[in-house]
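Reviewing the structure listed below.
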Amino acid sequence: MLEQDGQSYYVELRAWHSHLDHNDDHHQNGHDHDVLMSRPLVSRTKPDALKGLMSTDYAISLSSQHPSIQDANFLWDKFERNANPLMKIDFDWALEQVRSKSTSFEGRMGLQDEDHAFVFCLYLMSIVTIPDHECLEVLHQPQQVLLSHYQAICEQALSRSNIFCITNVTVIRAILLYIAASIERLSIQSLFSLMGLTIRNAEKLGLHRDGAILGLSPAETENRRRLWWYLQHLDLALGVRCGTTPLTLMAEWDVRTPLNIEDSDLVPRMREPPPQRKGLTSLSYCLWTYWILSQQREFFKDNKGKLGITWASNINLSHARKNALLDVMEEGLNQNFLQYCDPIKPLDIIIQLTSRALICTFRMFTLHPMSFSGSTDLTEEERHSQLMEAAIKTLEYNIALNSRTEIQHFQWYINGYFQWHAFISVIVEVTQLKGSPKAQRIWDLLSNLYTHNKNLLELSEDRRKLHAAELIINAWKARQTVTPSAPVPLCISVLEPLLSDHRSRIEHVRSEAAGQPLEPVMTDEDLNELLGLEFQDIDWAFWAGMK
Numbered sequence: 001m002l003e004q005d006g007q008s009y010y011v012e013l014r015a016w017h018s019h020l021d022h023n024d025d026h027h028q029n030g031h032d033h034d035v036l037m038s039r040p041l042v043s044r045t046k047p048d049a050l051k052g053l054m055s056t057d058y059a060i061s062l063s064s065q066h067p068s069i070q071d072a073n074f075l076w077d078k079f080e081r082n083a084n085p086l087m088k089i090d091f092d093w094a095l096e097q098v099r100s101k102s103t104s105f106e107g108r109m110g111l112q113d114e115d116h117a118f119v120f121c122l123y124l125m126s127i128v129t130i131p132d133h134e135c136l137e138v139l140h141q142p143q144q145v146l147l148s149h150y151q152a153i154c155e156q157a158l159s160r161s162n163i164f165c166i167t168n169v170t171v172i173r174a175i176l177l178y179i180a181a182s183i184e185r186l187s188i189q190s191l192f193s194l195m196g197l198t199i200r201n202a203e204k205l206g207l208h209r210d211g212a213i214l215g216l217s218p219a220e221t222e223n224r225r226r227l228w229w230y231l232q233h234l235d236l237a238l239g240v241r242c243g244t245t246p247l248t249l250m251a252e253w254d255v256r257t258p259l260n261i262e263d264s265d266l267v268p269r270m271r272e273p274p275p276q277r278k279g280l281t282s283l284s285y286c287l288w289t290y291w292i293l294s295q296q297r298e299f300f301k302d303n304k305g306k307l308g309i310t311w312a313s314n315i316n317l318s319h320a321r322k323n324a325l326l327d328v329m330e331e332g333l334n335q336n337f338l339q340y341c342d343p344i345k346p347l348d349i350i351i352q353l354t355s356r357a358l359i360c361t362f363r364m365f366t367l368h369p370m371s372f373s374g375s376t377d378l379t380e381e382e383r384h385s386q387l388m389e390a391a392i393k394t395l396e397y398n399i400a401l402n403s404r405t406e407i408q409h410f411q412w413y414i415n416g417y418f419q420w421h422a423f424i425s426v427i428v429e430v431t432q433l434k435g436s437p438k439a440q441r442i443w444d445l446l447s448n449l450y451t452h453n454k455n456l457l458e459l460s461e462d463r464r465k466l467h468a469a470e471l472i473i474n475a476w477k478a479r480q481t482v483t484p485s486a487p488v489p490l491c492i493s494v495l496e497p498l499l500s501d502h503r504s505r506i507e508h509v510r511s512e513a514a515g516q517p518l519e520p521v522m523t524d525e526d527l528n529e530l531l532g533l534e535f536q537d538i539d540w541a542f543w544a545g546m547k
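For the sequence shown, UniProt numbering gives the first residue as 1, with consecutive numbering after it.
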């Protein structure tokens with residue numbers, strides 16, 4: 001249990017446990033690095049989900065809230081290209097029927113409340129995937145304006161579907177789209193709570209039981225499997241961000257993973273399921289995420305819940321056991337997915353790169369000083385070297401994901417899974433290396449990262465990006481004191497003016513908001529104190545996005 005601002009929080013992340021132990025020692029020694037690392041430039045919180053439910057206006061016609069036919073078709077096109085391949089919560093032929101109705105004036109009038117909710121949430125999801133410049137060019141409004149507009153409409157539509165007592169899987173799908181579209185915009189705790197409500201309703205509809213056991217048709221069985229597994233995937237993603245193991249991860253549900261088939265292989269009139277395809281299909285990315293989820297579930301079940309979702313960072317598990325689990329996971333990924341990947345297909349590229357990044361990330365957690373279980377085969381120097389190699393390779397895979405033109409339409413999704421632990425680890429390392437020749441590799445890495453991952457330059461939307469930029473600038477200042485003639489890295493040339501402009505705007509906000517309590521800007525003196533930081537000084541929960 002943690003306490004902050006007079007409120008108690010339950011957190012399972014094992015790195016937090018070690019961090020708190022170290023933190024007590026550091027406070028006794030007068031250090032307050034963890035506070036500095038998590039101090040926001042200007043205090044702000046994300047809004048909660050479904051606030052619009054409290055202001056529902058039943059006089060508003062949902063049919064009149066749809067965009068123009070041209071804009072609706074544009075949003076459907078973007079959803080089918082940018083979002084649907086990563087979600088697949090309904091068959092393509094079923095979505096086509098909904099699209100046909102929602103893109104005609106007559107069809108819209110015949111939509112039920114739950115259908116309106118699904119379509120509006122689909123539009124919200126679609127807008128998340130569209131770059132701001134394209135929103136301006138085609139929809140003639142900034143992305144943020146469109147997101148706020150459609151969020152309000154989604155909440156109006158969902159309020160009429162009685163989300164506390166759901167009787168239709170269409171509403172479940174609508175809420176999943178709403179949550180997936182809101183992860184970066186709304187508070188994680190409120191979305192996690194909404195997910196809990198949705199899962200309880202899904203259980204009431206029997207989605208936690210496999211359709212074959214219930215005697216349902218192959219099409220309905222497969223449809224329910226896809227929906228349930230995506231529910232679990234999204235629930236786990238939210239749980240990780242909240243630092244809490246979702247209860248359904250350990251529950252005794254029996255839904256089988258979806259079949260490895262194309263949507264066209266299965267039609268409603270079939271009485272027997274089609275044979276699974278060998279190799280990858282349009283569903284394979286989803287099956288990849290579900291396979292990883294199933295492995296976590298197996299680890300959890302085989303060890304009676306003792307490993308949890310953070311087994312790689314469980315200090316009570318031997319290093320040899322962790323490596324054995326990693327070998328099982330890596331072999332399974334190779335056997336089930338990687339051997340079939342076509343390096344020119346977008347989804348296959350994502351599977352390849354994210355699989356490698358995933359293994360590196362797990363490897364990094366097993367070697368982290370706060371979770372390393374000890375090994376007679378590794379010296380401390382070897383452990384640290386392997387840790388940094390895993391962190392560097394994780395970021396190199398991120399650079400590859402961001403630089404491949406074939407997957408740019410999935411950029412919205414890739415940005416949401418940036419590995420902050422690897423990022424802050426290399427920043428700590430380059431800070432300590434200062435003028436060492438080994439530092440140049442990391443400076444080149446950081447420059448490539450900022451070149452290809454433009455999302456990191458949006459300092460105002462995520463305070464982690466701001467703090468990382470400040471730490472990098474100060475790490476460079478430390479190197480200059482040792483090697484003044486060192487060439488300026490590209491990332492420094494980009495970040496220095498960006499930070500200067502950001503601070504100027506914040507100071508302007510301060511002057512306009514006289515009398516309002518705002519937390520102070522991190523000063524050079526604060527950052528100089530951070531130059532001596534170690535891994536145990538880092539507030540890892542902050543960098544994991546839990547705050």
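Ideal Cβ positions, reconstructed from N, Cα and C, are used throughout, including at glycine.
Nearest to residue i (by Cα), restricted to the options the options
i, options, result
"SER403", "ILE473, GLN151 and HIS452", "HIS452"
"ARG185", "TRP93, SER193, THR221 and GLN144", "GLN144"
"THR289", "SER318, GLN276, PRO142 and PRO258", "PRO258"
"GLN151", "PRO274, ARG464, LYS51 and HIS368", "LYS51"
"ASP263", "LEU247, ARG363 and ALA94", "ALA94"
"GLN339", "LEU214, VAL119, THR366 and LEU280", "LEU280"
"GLU298", "ASP501, MET109, LEU249 and THR483", "LEU249"
"GLN156", "PHE418, ASP115, SER102 and ASP235", "ASP115"
"LEU358", "PRO246, LEU401 and GLY215", "LEU401"
"LYS101", "ASP90, PRO346, TRP76 and VAL328", "TRP76"
"residue 549", "LEU367, HIS133 and LEU177", "With the chain covering only 1 through 547, there is no way to say anything about residue 549."
"SER161", "VAL428, LEU325, LEU498 and THR198", "THR198"
"LEU459", "LEU498, GLY211 and ALA422", "LEU498"
"ILE424", "GLY435, SER217, ALA390 and SER436", "ALA390"
"ALA469", "PHE105, VAL509, VAL426 and SER436", "VAL426"
"PHE365", "ASP377, GLU429, HIS319 and ILE399", "HIS319"
"residue 559", "LEU495, LEU62, ASN448 and ASP48", "With the chain covering only 1 through 547, there is no way to say anything about residue 559."
"LEU236", "VAL267, ASP254 and GLN295", "GLN295"
"ARG463", "ARG503, PHE79, LEU146 and LEU333", "ARG503"
"GLY332", "SER373, LEU287, MET370 and LEU317", "LEU287"
"PRO346", "LEU234, GLN335, GLU406 and SER190", "GLU406"
Three-state class that DSSP yields for residue i in the structure shown
i, result
"ALA59", "coil"
"THR245", "coil"
"VAL521", "Low local confidence applies: a pLDDT of 41 at VAL521 is under 50, so the model's placement there is unreliable, with the coordinate-based value given in what follows. Coil, per DSSP."
"LEU205", "coil"
"MET329", "helix"
"ILE349", "helix"
"TYR290", "helix"
"ILE213", "coil"
"ILE69", "helix"
"PHE299", "helix"
"CYS341", "coil"
"THR198", "helix"
"LEU36", "Unreliable placement is indicated for LEU36, whose pLDDT of 34 sits below 50; no coordinate value is reported for it."
"TYR417", "coil"
"ALA541", "With a pLDDT of 49 at ALA541, under the threshold of 50, the modelled position of this residue cannot be trusted; read the value that follows with caution. Correct three-state label for ALA541: helix."
"GLN144", "helix"
"THR257", "coil"
"GLN440", "helix"
"GLY435", "coil"
"LEU122", "helix"
"GLN232", "helix"
"ARG44", "Annotation note: pLDDT 45 at ARG44 (below 50); position unreliable, coordinate value reported separately. Three-state result, ARG44: coil."
"THR361", "helix"
"MET87", "coil"
CB-CB length for residue i against residue j, believed under 8 Å
i, j, result
"ILE183", "GLY416", "6 Å"
"PHE192", "LEU231", "Wrong, their Cβ atoms sit about 13 Å apart, outside the cutoff."
"LEU326", "ARG363", "7 Å"
"LEU457", "ILE399", "Their Cβ separation, rounded to whole angstroms, is 15 Å, which puts LEU457 and ILE399 out of contact at 8 Å."
"GLY435", "VAL488", "Not a contact, Cβ separation roughly 14 Å."
"ILE89", "ARG173", "5 Å"
"ASN177", "MET125", "The amino acid occupying residue 177 in the given sequence is Leu; Asn does not appear at that position. 5 Å between Cβ atoms; contact."
"SER371", "ASN323", "Not quite, the Cβ-Cβ distance comes to about 13 Å (not below 8 Å), so this is no contact."
message: Three Cβ pairs or more, each shorter than 8 Å: is that satisfied between the stretch 348-363 and the stretch 407-422?
response: yes
The stretch 204-212 in contact with the stretch 67-86 per 3-pair CB rule at 8 Å: no
field: Contact the stretch 242-258 vs the stretch 220-229: 3+ CB pairs below 8 Å
entry: yes
Segment contact, 8 Å Cβ cut-off, at least three pairs: the stretch 95-111 with the stretch 440-455: no
Validate contact between the stretch 131-140 and the stretch 81-93 using beta carbons, cut 8 Å, 3 pairs: no
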